[in-house]
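Trainee: Take a look at this one; I'll ask things after.
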Amino acid sequence: MPRVVTPLPPDQPAVLLATDLARLGLPPDRARRSDLERVGQGFHRQRARPGTGWADLGLPEPGHGFSPDHLAALLRRRPDAVLSHETAAHLHALPMPTRAWRRRDPATGELEADPPVHLTVARGTRRVRRAGLMDHRRPLAPEFVTLVHGLRVTTVDRTWLDLCSLTPPWTFEDLVAAGDHAVRHPWTPAGRTDPATTIAALRSALHASGRFHGRPAAREALDSVRVGADSPPETRLRLALVAGGLPEPELQAALEPGDPVSPVADLAYRHVRLALQYDGAGHRTREQQARDARRDRYGQARGWTTLRVTWADGREDFRGVVAVVRRRLGPSAST
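Counting in the working numbering, the sequence shown runs from 1 upward without gaps.
Take a look at the structure:
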């Protein structure tokens, strides 16, 4: 006769630990009942609970394969640990290079297994030893810990500094793009909103962090972080222009500053009235194309030339765009 499975209380988390079952007064073998599915050593998912997926949080699937509920259970197991590095960056919705999810073994060149979940624990505490996890033992002041989607993570400032210790695979351009994203004023239909952090806050966090492996990379990248890039390609375009010996462009430049409804250029060289617009995936809709056309006509009527830049230009590191801008700037092209 099949054994009757006593239902778990409805307020229990979607992914359970053995300690969760013990807290309910249940024996260890309760984890082997049919209503629970093992999803890792010591982790059991309730089959009848849909749980929380990454899409529910508005985030893409990460490379590590852990669900938000699985991460919550992991943090219950280690209440002294904080999600950090790339794991925290994903939760903060910072842009990450694809290679951060799929890396190559430097010895063989083969793609490695899925990247780990990163955890920071205090020095002198137990190491986190388990497949799929990577621990970092560094001091972590309370002001650098926050909650994102109910999960304990490093703040945006500390997360960005931690990313600077992951070079490679992170490059200078990757770090600047993540920094630009963190300090930008996000666009919404109701207008721009407050940034996740500021350049001043990043500098303060760097100063407070003392010596660590990524400090030189952080100093170099932070000097190039700017407010005004709405996407990583815009950051990379700006960096390519500067690397090509051109003056740094103005970002989010109103074509006519005195006009409250003036369109804005992603990047601009105002003295020669050259506007650069990066057309990403969001520019493929009919509505956005109509807005782009109105913007370009507005600028043309006021003497502006619009240079449209696309992903294809990025594939060649924007060399063609740099050449066009150099010709347009003429004698003023030298920085």
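Cβ coordinates follow ideal geometry from the N, Cα and C atoms, glycine included.
Might you give, ordered along the chain, the residues of its own chain that have their beta carbon closer than 7 Å to the beta carbon of A201, omitting 5 neighbours on each side?
Mentor: Excluding residues within five positions, the ones whose Cβ falls inside 7 Å are D157.
Trainee: D29 to L21, Cα distance in whole Å?
Mentor: Going from the Cα of D29 to the Cα of L21 covers about 10 Å.
Trainee: Runs of 4 residues minimum, wholly inside the stretch 231-298: which ones carry the alpha helix (DSSP H) assignment?
Mentor: Listed in chain order, they are 232-243.
Trainee: From this set, L267, D230 and P233, which residue's C-alpha is nearest L246's C-alpha?
Mentor: Checked all of L267, D230 and P233; the closest Cα to L246 is L267.
Trainee: Evaluate contact between the stretch 216-229 and the stretch 173-184, counting only Cβ atoms and requiring at least three cross-stretch pairs below 8 Å.
Mentor: Touching, yes, given that three or more Cβ pairs across the two stretches are closer than 8 Å.
Trainee: Looking at C-alpha atoms only, which residue of T197, Y278, R192 and Q12 is the closest neighbour of S231?
Mentor: Ranking the options by Cα distance to S231, first place goes to Y278.
Trainee: From this set, V15, R286, R302 and A243, which residue's C-alpha is nearest G258's C-alpha?
Mentor: Minimum Cα distance to G258 is reached at R302.
Trainee: If I measure Cβ to Cβ from L75 and keep anything under 6 Å in the same chain, skipping five residues before and after, which residues do I get?
Mentor: So the list reads R152, once near-sequence residues are dropped.
Trainee: Answer with buried or exposed for E143, where buried requires no fewer than 16 other C-beta atoms within 10 angstroms of its C-beta.
Mentor: Classification for E143: exposed.
Trainee: Given a threshold of 16 other Cβ atoms within 10 Å of its Cβ, counted over all protein chains shown, does W304 qualify as buried or as exposed?
Mentor: With 16 or more Cβ atoms within 10 Å of its Cβ, W304 is classed as buried.
Trainee: Smallest Cα separation from G299: which of R308, L255, R291 and R319?
Mentor: The shortest C-alpha separation from G299 is found at L255.
Trainee: Give me, in chain order, the residues of the same chain whose beta-carbon lies closer than 7 Å to that of A356; leave out the 5 immediate sequence neighbours on both sides.
Mentor: Outside the shown range of the chain, which is 1 to 335, sits residue 356, and nothing can be said about it.
Trainee: Work out the CA separation of H64 and H185 for me, nearest whole Å.
Mentor: Going from the Cα of H185 to the Cα of H64 covers about 29 Å.
Trainee: Residues bridged to H185 by DSSP?
Mentor: Its beta-bridge partners do not exist; DSSP assigns none.
Trainee: Does F66 come out as helix, strand or coil in the three-state DSSP assignment?
Mentor: F66: coil per DSSP, three-state reduction.
Trainee: Is it buried or exposed for Q289, if we count other Cβ within 10 angstroms and need 16 for buried?
Mentor: Classification for Q289: exposed.
Trainee: Report the three-state DSSP secondary structure of R76 (helix, strand or coil).
Mentor: If DSSP states are grouped into helix, strand and coil, R76 belongs with the helices.
Trainee: Assuming V322 and A240 are in contact, meaning their beta carbons sit under 8 Å apart, how far apart are those beta carbons, in whole angstroms?
Mentor: Indeed they touch by this definition, with Cβ atoms about 6 Å apart.
Trainee: Would you list the one or two residues that DSSP bridges to F43?
Mentor: F43 pairs with L17.
Trainee: In its own chain, which residues sit with a C-beta less than 7 Å from the C-beta of P60, not counting the 5 before and 5 after it?
Mentor: If we look at P60 and ignore the five residues flanking it on each side, its Cβ neighbours are W54.
Trainee: Opposite L119 in the DSSP bridges: which residues?
Mentor: For L119, which the question treats as bridged, DSSP gives the partners L83 and D135.
Trainee: List the endpoints of the continuous beta strand (DSSP E) containing E143.
Mentor: Segment: none, E143 is in no beta strand (DSSP E) and carries neither H nor E.
Trainee: Let's see if you can read the secondary structure: which residues bound the alpha helix (DSSP H) around L206?
Mentor: It spans I199 to A208 - the alpha helix (DSSP H) in which L206 sits, taken as one unbroken run.
Trainee: E173 by DSSP, collapsed to three states: which one?
Mentor: Helix.
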